[in-house]
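**Q** Residue numbers (this note's numbering), protein chains in the order written: chain B, 12 to 409; chain L, 12 to 409. Handing you this structure, nothing more for now.
There are 2 protein chains.
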Amino acid sequence: MEFRFSSHIQGLQSSAVRDILKLTQGKQIISFAGGLPAEELFPLQAIRDAALRVFEGGKASLQYGLTEGFLPLREQLCGRMAVKGMQVEPDQMILTTGSQQAIDLLVRVLLEPGDVVLVENPTYLASLQVFSLSGLRVIPVASDKDGMIMAETERLMREYKPKMVYVVPTFGNPTGRTWSLERRQGLLDLCSHFGVPILEDDPYGEIKFNAADQFPTLFSLAGKADGSCVLYTSTFSKTVAPALRTGWAMGDRRVMGMLAKAKQAADLHSSALDQQTLDQLLRHFPLDAHIRKIGEAYGARLKQMEALLGSRNWPDVQWISPRGGMFLWLEFPEALDTEALLRAAVAKGVAFVPGAAFYAAAPQRNMARLNFTYTDGERMELGISRLSEALGEFTARM
Amino acid sequence: MEFRFSSHIQGLQSSAVRDILKLTQGKQIISFAGGLPAEELFPLQAIRDAALRVFEGGKASLQYGLTEGFLPLREQLCGRMAVKGMQVEPDQMILTTGSQQAIDLLVRVLLEPGDVVLVENPTYLASLQVFSLSGLRVIPVASDKDGMIMAETERLMREYKPKMVYVVPTFGNPTGRTWSLERRQGLLDLCSHFGVPILEDDPYGEIKFNAADQFPTLFSLAGKADGSCVLYTSTFSKTVAPALRTGWAMGDRRVMGMLAKAKQAADLHSSALDQQTLDQLLRHFPLDAHIRKIGEAYGARLKQMEALLGSRNWPDVQWISPRGGMFLWLEFPEALDTEALLRAAVAKGVAFVPGAAFYAAAPQRNMARLNFTYTDGERMELGISRLSEALGEFTARM
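And the structure:
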């Protein structure tokens, strides 16, 4: 039996991160590659207690749930969104299997193969995979430290008539970039004017190193859900734990209705046990204090990594210090190919993600994404020391 | 902002079951509509204990998991499959969010919009929705109590060159039909000959009223995973509980590799907490004895429903008694439209699913699907009594 595969799945590149994780399996590799949160900070006891309360609720908790997701959790989430200036009702929100599923389903609902989507340059790898799986044409928009450059965005909108703009405006992946208020407002104005939906992907927005920082979401700037061009997604993976695989999408009621139809076909609903556990967690656990603690811890880890990098005297390595999130985006000298460097690094026992995979077109080959949240202390020190060794030998050969 | 929706999502009908559930919300309706398992039989205590053991394993249990699913659970599942004559390795298996997701992802991996899929007539509604969402052309094959009629299957294969055949050969939905061994072997031979993948959907196969009954899966008849045309999916939703949303797909290693790429884009992975809980459950809970208990209980419920129907003297209502599963498929006199009957029934406080939704084309309008697993005892009696009343008034008006 010879199987024939759909053209889009054949065109889909396996994730670089995934391939690296395979490369490192079973070895004593220190990984700065994955986007993994710090396990030490998972609120295990509180999640356990929350799950026990769900089980105390009886056997009905184990039955099929609503496609849209467990209503009490949606209600609580709407309250949390309101605190961040986002006005949304439970029927303008759908719970998903992580925010990754929200991205996939929104694309299936709103776009056709061949449609154009505009993205930051560079942007989140797994979203590029969704776009590829759906046969979209991805056009990267020139971007700097403040976000997409608006003149370019407008020019490309006129030229390509995109059917969606995809952005991670706060503590972006891979760059750690945070959009300025002007750029946020600028994109919102452009998309409102041209009638183009914005998919605002905000998995990291709450992971701030300085709790006082305020970066209004595009969704909050739009001021409403119905009729707004902003469709928003976020997740509990970074603030609680990834294993519970719960994210959400929110926005215009009609879009959410279509999303529910698509989700019904895709998997009926996401884990009802996880959703009920998160609902109980939100009722009994001080999640906001916990998120502040995560932000502080990650800020300290970033400082450690920056200090280690600074002490190494690497030639011409540059970065912009992020104000939140999980990633440091390093720029090496132009001649240095980070995919080749990765092979040398893995041989030394350390991994990162070469930057090329994050570009929709014309990749810059001298970039590297380092995660600073999964390791710390001596292990981070050892990892940077190994990377330094690899870099030394590698550049000696260049 | 005016949203434009993709043509396939616009064409997707909302599920009849879903609409009925909405209709019944907040009312004291006795529902024979949903495919809901009996809540009384959920092994709540064992699931609770299993979850506690996962939490005892420490914080790493809350981290991101593999796209393919938790390996120890796949290993145990392979052992369970072997007992049923299905030889499969962990890397020929992927855990999914229920078997519904397995169906959706396999379609995305193997088919292109416009491709033809052959289905039983009638067949599972939510699969028809997946096919619609993916823009497939669905051709129903004339089927009788033993399965698809092979001469017709062969004729349609030659005429339409389908890219997939979708079947539920054991205790089908909605019909409760179980394919004969001859038809199983016949379809396998045809599809091997023509090189057409078979998607064997087997959510109910273990729910047997007579534990001694043996109905070999198409997958077991094929004798191997790699190179076989049979791709198989099943779920824990009916044997353990739906809230844990864990199903699996298995088959040719190369197809599973493509499926993993698609799943990575679709949601990275399904709930790792649910998968680990099921892994612990399988280690400490006698699942096979539990499944026998479910089969016996459901068999008794079916008997009760058949007795109630038999005692009612409805004019010309016929059915074939299923040997397992969750559904009774009623044929009313030809002139009786069950969608109209449903409205009368809901007014009386009872619901079922009109059969028309299960037909890919040319629906038979006098069929009804009744679930007999969710209710029993006096409540089932009351439900059938209400349905009887509705039918009496309805036919008096005809």
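A virtual CB, placed ideally from N, CA and C, is assigned to each residue, including glycine.
Let me see if you follow: with CB-CB separation under 7 Å, is F369 of chain L close to chain B or not?
**A** Here the question's residue 369 of chain L lines up with position 358 in the second sequence. No, because no Cβ of chain B sits closer than 7 Å to the Cβ of F369 of chain L.
**Q** Under 6 Å Cβ to Cβ from P471 of chain L, same chain only, skipping five residues before and after it: list those, please.
**A** With chain L represented from 12 up to 409, any question about residue 471 of chain L goes unanswered, as that position is not in the structure.
**Q** Tell me which same chain residues have a C-beta within less than 8 Å of the C-beta of S399 of chain B, skipping the five on either side of it?
**A** In the first sequence, residue 399 of chain B corresponds to position 388, counting from 1. Cβ neighbours of S399 of chain B beyond the five flanking positions: R323 and W325.
**Q** Can a CB atom of chain L be found closer than 7 Å to the CB of K70 of chain B?
**A** Translated into positions along the first sequence, residue 70 of chain B becomes position 59. K70 of chain B counts as touching chain L.
**Q** From the beta carbon of C240 of chain B, is the nearest beta carbon of chain L less than 7 Å away?
**A** Start at 1 with the first residue of the first sequence, and residue 240 of chain B comes out as number 229. Chain L contact via Cβ: present.
**Q** Please work out which residues of its chain come closer than 7 Å, Cβ to Cβ, to L232 of chain L, disregarding the five sequence neighbours upstream and downstream, and give them in chain order.
**A** By one-based count along the second sequence, residue 232 of chain L stands at place 221. For L232 of chain L, where only same-chain residues beyond five positions count, the Cβ hits under 7 Å are R195, Q196 and L199.
**Q** What residue from L:H295, L:L319 and L:K95 has the CA that sits closest to L216 of chain L's CA?
**A** Locating residue 216 of chain L in the second sequence gives position 205, counting from the first residue. For the sequence presented, residue 216 of chain L should be read as Gly rather than Leu. It is L:K95 whose Cα lies nearest to the Cα of G216 of chain L.
**Q** Using a Cβ-Cβ cutoff of less than 6 Å, which residues in the same chain neighbour A113 of chain B once the five nearest sequence positions on both sides are dropped?
**A** To locate residue 113 of chain B, count along the first sequence from 1; it is residue 102. The answer, listed in chain order, is T107, T244, G258 and A260.
**Q** In terms of alpha-carbon separation, which member of L:R169, L:E131 and L:A44 lies closest to L210 of chain L?
**A** Sequence index remark: in the second sequence, residue 210 of chain L carries index 199 (1-based). Minimum Cα distance to L210 of chain L is reached at L:E131.
**Q** From what residue to what residue does the beta strand (DSSP E) around A260 of chain B run?
**A** One-based indexing of the first sequence puts residue 260 of chain B at position 249. Per DSSP, A260 of chain B belongs to the beta strand (DSSP E) from G258 to M261.
**Q** Any C-beta of chain B sitting closer than 7 Å to the C-beta of R194 of chain L?
**A** Residue 194 of chain L sits at position 183 when you count from the first residue of the second sequence. No, R194 of chain L lies away from the interface with chain B (no Cβ there is under 7 Å from its Cβ).
**Q** Quick one: Cα of L293 of chain B to Cα of Q87 of chain B, how far?
**A** One-based indexing of the first sequence puts residue 293 of chain B at position 282. One-based indexing of the first sequence puts residue 87 of chain B at position 76. Taking the straight line joining both Cα atoms gives about 8 Å.
**Q** Is the beta carbon of V176 of chain B less than 7 Å from the beta carbon of V141 of chain B?
**A** Within the first sequence, numbered from 1, the residue matching residue 176 of chain B stands at position 165. Within the first sequence, numbered from 1, the residue matching residue 141 of chain B stands at position 130. Their beta carbons are not under 7 Å apart, which means V176 of chain B does not touch V141 of chain B by this criterion.
**Q** Using beta carbons (cut-off 7 Å, strictly below), is E165 of chain L in contact with chain B?
**A** Residue mapping note: residue 165 of chain L aligns to position 154 of the second sequence, counting from 1. Closer than 7 Å: no.
**Q** Assign E123 of chain L to one of three DSSP states: helix, strand, or coil.
**A** The residue given as residue 123 of chain L occupies position 112 in the second sequence. E123 of chain L falls in the coil class under three-state DSSP.
**Q** I'd like the list of long-range same chain contacts for P48 of chain L, defined as Cβ closer than 8 Å, with 5 residues on each side in sequence excluded.
**A** By one-based count along the second sequence, residue 48 of chain L stands at place 37. Excluding residues within five positions, the ones whose Cβ falls inside 8 Å are S248, K249, A252, P253, I305, M337, T384 and Y385.
**Q** With the cut-off set at 7 Å, would you say R148 of chain L and V127 of chain L are in Cβ contact?
**A** Indexing the second sequence from 1 puts residue 148 of chain L at position 137. Indexing the second sequence from 1 puts residue 127 of chain L at position 116. It is a contact, given that the beta carbons lie within the stated cut-off.
**Q** In whole angstroms, give me the CA-to-CA distance for S239 of chain L and A273 of chain L.
**A** Your numbering for residue 239 of chain L matches position 228 in the second sequence. Your numbering for residue 273 of chain L matches position 262 in the second sequence. Those two C-alpha atoms are separated by around 21 Å.
**Q** Please report whether the beta-carbon of G96 of chain L lies at a distance below 7 Å from any beta-carbon of chain B.
**A** By one-based count along the second sequence, residue 96 of chain L stands at place 85. Closer than 7 Å: no.
**Q** Can you tell me where the beta strand (DSSP E) with D212 of chain B in it begins and where it stops?
**A** Here residue 212 of chain B refers to the residue found at position 201 when the first sequence is read from its first residue. Its beta strand (DSSP E) spans residues I209 to D212.
**Q** How big is the Cα-Cα spacing for S18 of chain B and G146 of chain L?
**A** For the purposes of this step, residue 18 of chain B is taken as the residue at position 7 of the first sequence. For the purposes of this step, residue 146 of chain L is taken as the residue at position 135 of the second sequence. Cα-Cα distance, rounded: 15 Å.
**Q** Tell me, to the nearest whole angstrom, how far the beta carbon of M159 of chain B is from that of F205 of chain B; I am working on the premise that it is less than 8 Å.
**A** Numbered from its first residue, the first sequence carries residue 159 of chain B at position 148. Numbered from its first residue, the first sequence carries residue 205 of chain B at position 194. About 14 Å; that fails the 8 Å criterion.
**Q** Buried or exposed: which applies to K314 of chain L, given that a residue is buried once 16 or more other Cβ atoms fall within 10 Å of its Cβ?
**A** Residue mapping note: residue 314 of chain L aligns to position 303 of the second sequence, counting from 1. When all chains shown are included, K314 of chain L counts as exposed.
**Q** Near K359 of chain L, which residues of its chain fall below 7 Å by C-beta distance, leaving aside the five closest residues on each side in sequence?
**A** What you label residue 359 of chain L is simply residue 348 of the second sequence in a count that begins at 1. Excluding positions up to five away in sequence, the list reads R397, E400 and A401.
**Q** For L192 of chain L, does the count of other Cβ atoms within 10 angstroms reach 16, so buried, or fall short, so exposed?
**A** What you label residue 192 of chain L is simply residue 181 of the second sequence in a count that begins at 1. Exposed is the call here.
**Q** Which residues of chain L have a Cβ atom closer than 7 Å to the Cβ of A252 of chain B, listed in chain order?
**A** For the purposes of this step, residue 252 of chain B is identified with residue 241 of the first sequence, where counting begins at 1. Under the 7 Å cutoff, chain L gives L73.
**Q** Straight-line CA distance for P214 of chain B to S110 of chain B?
**A** Against the first sequence, residue 214 of chain B aligns to sequence position 203. Against the first sequence, residue 110 of chain B aligns to sequence position 99. When rounded, the distance between both Cα atoms is 7 Å.
**Q** Determine the DSSP secondary structure at Y243 of chain L, reduced to helix, strand or coil.
**A** Here residue 243 of chain L refers to the residue found at position 232 of the second sequence. Note: Y243 of chain L maps to strand in three-state DSSP.
**Q** By the criterion of Cβ-Cβ separation under 9 Å, what are the contact partners of L144 of chain L in chain B?
**A** The sequence position of residue 144 of chain L within the second sequence is 133, counting from 1. Those within 9 Å of L144 of chain L in chain B are R119, K272, A273, A276 and A277.
**Q** Under DSSP, the alpha helix (DSSP H) around Y436 of chain B begins and ends at which residues?
**A** Past the boundaries of the shown model lies residue 436 of chain B; chain B is included only from 12 to 409, so the question cannot be answered.
**Q** May I ask you to list the residues that DSSP assigns as paired with P151 of chain B?
**A** Locating residue 151 of chain B in the first sequence gives position 140, where the first residue counts as 1. Partner(s): B:V130.
**Q** If the cut is a Cβ gap below 7 Å, which residues of chain L does V128 of chain B touch?
**A** Numbered from 1 along the first sequence, position 117 holds the residue referred to as residue 128 of chain B. The contacting residues do not exist; V128 of chain B stays about 13 Å from chain L at best.
**Q** Helix, strand or coil: which one does DSSP assign to M12 of chain L?
**A** Your numbering for residue 12 of chain L matches position 1 in the second sequence. Looking at M12 of chain L - three-state DSSP - the assignment turns out to be coil, as it is neither helix nor strand.
**Q** Assign T108 of chain L to one of three DSSP states: helix, strand, or coil.
**A** On the second sequence, position 97 is the one that residue 108 of chain L refers to. T108 of chain L falls in the strand class under three-state DSSP.
**Q** In the DSSP output, what is F142 of chain B paired with across the bridge?
**A** Here residue 142 of chain B refers to the residue found at position 131 of the first sequence. According to DSSP, F142 of chain B bridges with nothing at all.
**Q** Determine, using beta carbons only, whether S42 of chain L comes closer than 7 Å to chain B.
**A** Mapped onto the second sequence, residue 42 of chain L falls at position 31. S42 of chain L does not count as touching chain B.
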